[in-house]
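Structure, as structure tokens:
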Amino acid sequence: MKITIVGAGAVGATCADNIARRELAEELVLLDIKEGIAEGKALDMMQTATLLGFNTKIIGSTNDYHKTAGSNVVVITSGLPRKPGMTREELIGINAGIVKGVAENILKHSPDAIIVVISNPMDTMTYLTLRSTGLPKNRIIGMGGILDSARFKCYLSLALNCSPNDLQGFVIGGHGDTTMIPLTRLATYQGLPVSQFLNTDTLKKVAADTMVGGATLTGMLGTSAWYAPGAAGAALVESIVRDQKKLFTCCVYLDGEYGQKDVCMGVPVVIGKNGWEKIIDYQLNNEEQAGFNKSADAVRNMNQVLHDMAAV
Numbered sequence: 138m139k140i141t142i143v144g145a146g147a148v149g150a151t152c153a154d155n156i157a158r159r160e161l162a163e164e165l166v167l168l169d170i171k172e173g174i175a176e177g178k179a180l181d182m183m184q185t186a187t188l189l190g191f192n193t194k195i196i197g198s199t200n201d202y203h204k205t206a207g208s209n210v211v212v213i214t215s216g217l218p219r220k221p222g223m224t225r226e227e228l229i230g231i232n233a234g235i236v237k238g239v240a241e242n243i244l245k246h247s248p249d250a251i252i253v254v255i256s257n258p259m260d261t262m263t264y265l266t267l268r269s270t271g272l273p274k275n276r277i278i279g280m281g282g283i284l285d286s287a288r289f290k291c292y293l294s295l296a297l298n299c300s301p302n303d304l305q306g307f308v309i310g311g312h313g314d315t316t317m318i319p320l321t322r323l324a325t326y327q328g329l330p331v332s333q334f335l336n337t338d339t340l341k342k343v344a345a346d347t348m349v350g351g352a353t354l355t356g357m358l359g360t361s362a363w364y365a366p367g368a369a370g371a372a373l374v375e376s377i378v379r380d381q382k383k384l385f386t387c388c389v390y391l392d393g394e395y396g397q398k399d400v401c402m403g404v405p406v407v408i409g410k411n412g413w414e415k416i417i418d419y420q421l422n423n424e425e426q427a428g429f430n431k432s433a434d435a436v437r438n439m440n441q442v443l444h445d446m447a448a449v
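Under the working numbering, the first residue of the sequence shown carries the number 138, and numbering increases by one thereafter.
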């Protein structure tokens, strides 16, 4: 098994570290455009192998896609991170060219790879990757919903004063501050609805905190978060390479599911060795479906920038 991560910044390096620790591949390639960054981080991680007990070989490369040849899974994190006050929409013009070029170069050397997209704005970059490569839709997966759902369960655990691992909760829709939909109605604590333990106002606050989870951290850190995004990417990769059939919220291409077509958005999907395998219908109520439709409209507005640029 061979995995490549394109972009050796904080998210990419954290994702690589998690993948190496879990020994998800015999060979892990970390690639970046900036001279020496990928090589340095790869060497630094390799020097932890005897301390952490893993045997994954980690290779760093400055923009040499030949070293990525034969990759089974490729994670794209490259692009500019979101700065304080910057919307995901503002990233499109810059990151579209980067992500499209990365995908094209990857497929020259790994034509059978499953591609995981983390670059922002994630819904639009996933759509761009699918449309520009022409790959089967199951082989293009946007990570965002896994991260949003992890943040949702974090905020729920703080409100409940319980272990987040005792919770089930999903966030669907677009991966944006105003487009994601935390499904509080369906969230459970050891099989019981969280609404049995938290009042309506508290649940609304949990949902609101989840929706601005990324922006909150950007304001604190001065750049995008990396620990949770990197771990979310690794969890997605693990379900692929180990064929775990885990149910995650991921950004995938919709062709009538949830009432939407020709858009990539976060919905519950089963993840296995072939990429995403099937979409699970959560039977949204009228309010949730209206929110999902509104989210789809917002994502399409972002995608329109790609059409205006003739990028797709």
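Glycine included, C-beta positions come from ideal geometry on N, C-alpha and C.
May I ask you to report which of helix, strand or coil DSSP gives Ile195?
Here Ile195 sits in strand by DSSP.
When DSSP labels each residue in this structure, what does Met348 get in the three-state scheme?
Three-state DSSP puts Met348 in a helix.
How many Å lie between Gly328 and Asp249 at the Cα?
Taking the straight line from one Cα to the other gives about 39 angstroms.
Evaluate His444 with the Cβ neighbour count: other Cβ atoms within 10 Å of its Cβ, from every protein chain shown; 16 or more gives buried, anything less gives exposed.
Exposed is the call here.
Around the Cβ of Thr315, are there at least 16 other Cβ atoms within 10 angstroms (buried) or fewer (exposed)?
Thr315 comes out exposed.
In three-state DSSP terms, what is Gly311?
Reduced to three states, the DSSP call for Gly311 is coil.
What does DSSP give as the partner residue(s) for Gly386 in the beta ladder?
The residue you asked about is not Gly; residue 386 is Thr in the sequence shown. Note: Thr386 sits in a beta bridge opposite Pro405.
What is the residue span of the alpha helix (DSSP H) that Leu297 lies within?
From DSSP, the alpha helix (DSSP H) with Leu297 extends over Gly281 to Leu297.
Starting from Ile318, follow the beta strand (DSSP E) in both directions and report where the run begins and ends.
Taken as a continuous stretch (DSSP letters only), the beta strand (DSSP E) holding Ile318 covers Met317 to Pro319.
On the CB-based measure, 16 or more other CB atoms within 10 Å of its CB, does Tyr364 come out buried or exposed?
Its Cβ having fewer than 16 others within 10 Å, Tyr364 is exposed.
Any chance you could list the alpha helix (DSSP H) runs of at least 4 consecutive residues sitting entirely within the stretch 144 to 220, in chain order?
Counting whole runs of 4 or more residues, the stretch 144 to 220 contains the alpha helix (DSSP H) stretches 147 to 158, 174 to 183 and 186 to 189.
Comparing alpha-carbon positions, which option in Leu189, Ile231, Ile170 and Asn232 lies nearest Tyr202?
Here the closest residue by C-alpha is Ile170.
Going by beta carbon distance, what residues of the same chain come within less than 6 angstroms of Tyr292, once the five residues before and after it are set aside?
The residues are Val343, Asp346 and Thr347.
From Pro273 to Ser247, what distance separates their C-alpha atoms?
Near 14 angstroms, if we compare the C-alpha coordinates of Ser247 and Pro273.
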